[in-house]
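Chains as they are written, first to last, in my numbering: chain A, 1180 to 1425; chain B, 1180 to 1425.
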């Protein structure tokens, strides 16, 4: 079999705990409002905020604004928030949210060792990620990993988004290698595993327990949705490399 | 004459050095891009960025994005910035810009003493400011002054903007006092001094050297544009209070 020459990684919930970081940051926002005098049970506030994130999407920029609007309509038990308090609460929440995101973003423990070992093996590395380019690069720069990869692809930069298989074809072409010589590691069956399989790339489903993780034993993935491998730690990647180099 | 019972302050360039902070933050953004490998003279970069701020306004959210776009069109001497570098530069600039804004915002030296003395004199205090409510409250919270004022008015919250004299009428009505019993301090003739004068509020033109400061001796303000007082430091405010209490 052909040895592996190239490995691609998804970013969020693959290289760092994106789901956990967002969860913590959102709660910090709630706490900031409560500390400033907002009268609401923390648990109820979190539930309402998550409804809004669910309804408007995680990249919507007005979560806390809509949270305050909704409180004024929703619950007779909650004291009406007067206009001169509204933006104070929203500003405090946004500040606390960003502070948490800036201060506590960090790589999963297994990432640096993995990248170092891949470099020693002369295997090329890439990130392929969807998301708003500025936000994605902000994460990459804060994680200090921009120099550790041979190529970073933010899908919006080239106008093709996961799960478009052309995005992965573009990636292979950039390195002039075939799918059989590449591995792609992601946390989503629909957006990572499917397009990798369609390009004959070895697909690895990484279980980090993030919001898209479906590790339920009752779910069986079939055909092009079936990952070639499932792992919970990047150390296991080297077994896969070895297996494909024999 | 009637003693002074209420004093209003503009926020930006009155209580803190808003112009200087923005200038420093914008240059930090430029430096971050140069540090990441952008090939341009710092001075030229600053000039181009300020053209963009001038053209699109200071609250436009895409200054650095447009900066990069413009570089690729503008100057044959500047190396073309490929798509996979663009958002890295923009993200780095935005991060550095915000970091400077967060870390180095501080009150002018004379503010705390002034507010403390006004409290001792039992004179009520307010902020009246235009600007995006979340941004304005972010400044107020970072400066830790929200509890130091009896009332904070962000004009957009009540749907009236400077120089609408009704905004200042609303302010007086809130405290149930007459214009003659109030002082308003601002850095703009058109937006601060004019509406104060129209409400018979004692108008104070504070020269901090910010971007709207017109302290040129050749400029004479007349009629409703003429400030009752001009000062360079908030300590001078107490002379004005004394003068109007005799």
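In this text, a Cβ means the ideal position worked out from N, Cα and C, and glycines have one as well.
Identify the continuous beta strand (DSSP E) that holds residue i and give its terminal residues.
i	result
residue 1334 of chain B	Premise fails: residue 1334 of chain B lies in the alpha helix (DSSP H), 1334–1337, not in any beta strand (DSSP E).
residue 1186 of chain B	1185–1188
residue 1297 of chain B	Looking at the DSSP string, residue 1297 of chain B is not in any beta strand (DSSP E); the run it does join, the alpha helix (DSSP H), is 1290–1299.
From the options, pick the residue whose C-alpha is nearest to that of residue i; which is it?
i	options	result
residue 1275 of chain B	B/1286, B/1206, B/1306, B/1348	B/1206
residue 1407 of chain B	B/1329, B/1210, B/1282, B/1375	B/1375
residue 1230 of chain A	A/1253, A/1212, A/1351, A/1355	A/1253
residue 1365 of chain B	B/1350, B/1382, B/1359, B/1420	B/1382
residue 1301 of chain B	B/1185, B/1419, B/1363	B/1185
residue 1327 of chain B	B/1187, B/1357, B/1183	B/1187
residue 1190 of chain A	A/1401, A/1399, A/1320, A/1400	A/1320
residue 1269 of chain A	B/1311, B/1293, B/1387	B/1311
residue 1204 of chain B	B/1193, B/1263, B/1243	B/1243
residue 1208 of chain B	B/1323, B/1351, B/1221, B/1197	B/1221
residue 1224 of chain A	A/1237, A/1348, A/1234, A/1210	A/1210
residue 1309 of chain B	B/1283, B/1343, B/1282	B/1343
The alpha helix (DSSP H) spanning residue i covers which residue range?
i	result
residue 1361 of chain A	No alpha helix (DSSP H) holds residue 1361 of chain A; the beta strand (DSSP E) holding it covers 1361–1365.
residue 1242 of chain B	1242–1253
residue 1349 of chain B	1344–1354
residue 1277 of chain A	1262–1282
residue 1221 of chain B	1221–1235
residue 1120 of chain B	With chain B covering 1180 to 1425 only, the question about residue 1120 of chain B has no answer from this structure.
residue 1422 of chain B	1416–1422
If we cut at 8 angstroms on Cβ distances, does residue i have a partner in chain B?
i	result
residue 1270 of chain A	yes
residue 1325 of chain A	yes
residue 1312 of chain A	yes
residue 1142 of chain A	Residue 1142 of chain A is absent from the structure shown; chain A starts at 1180 and stops at 1425.
residue 1391 of chain A	no
residue 1316 of chain A	yes
residue 1426 of chain A	Within the shown structure, residues of chain A are numbered from 1180 to 1425, placing residue 1426 of chain A beyond reach of any answer.
residue 1363 of chain A	no
residue 1351 of chain A	no
residue 1266 of chain A	yes
residue 1279 of chain A	no
According to DSSP, simplified to helix, strand and coil, what is residue i?
i	result
residue 1322 of chain A	coil
residue 1202 of chain B	helix
residue 1370 of chain A	helix
residue 1409 of chain A	strand
residue 1197 of chain B	helix
residue 1309 of chain A	coil
residue 1377 of chain B	helix
residue 1434 of chain A	What the structure shows of chain A is the stretch from 1180 to 1425, and residue 1434 of chain A is not part of that stretch, so it cannot be assessed.
residue 1392 of chain A	coil
residue 1191 of chain B	strand
residue 1303 of chain B	strand
residue 1286 of chain A	strand
Residue i CB to nearest chain A CB: under 8 angstroms?
i	result
residue 1303 of chain B	no
residue 1508 of chain B	Residue 1508 of chain B cannot be examined here, being either before or after the span of chain B that is shown, 1180 to 1425.
residue 1274 of chain B	yes
residue 1320 of chain B	yes
residue 1336 of chain B	yes
For a test of your reading of the model: does the CB of residue i fall under 7 angstroms from any non-hydrogen atom of the ligand ZN? Yes or no.
i	result
residue 1224 of chain A	Judged by which ligands are present, the structure shown has none, so any question about the ligand ZN falls away.
Check whether the segment 1391–1399 of chain B touches the segment 1330–1339 of chain B, taking contact to mean three or more Cβ pairs, one atom from each stretch, closer than 8 angstroms.
Look at the beta carbons and you see the segment 1391–1399 of chain B not touching the segment 1330–1339 of chain B: under three pairs across the two are nearer than 8 angstroms.
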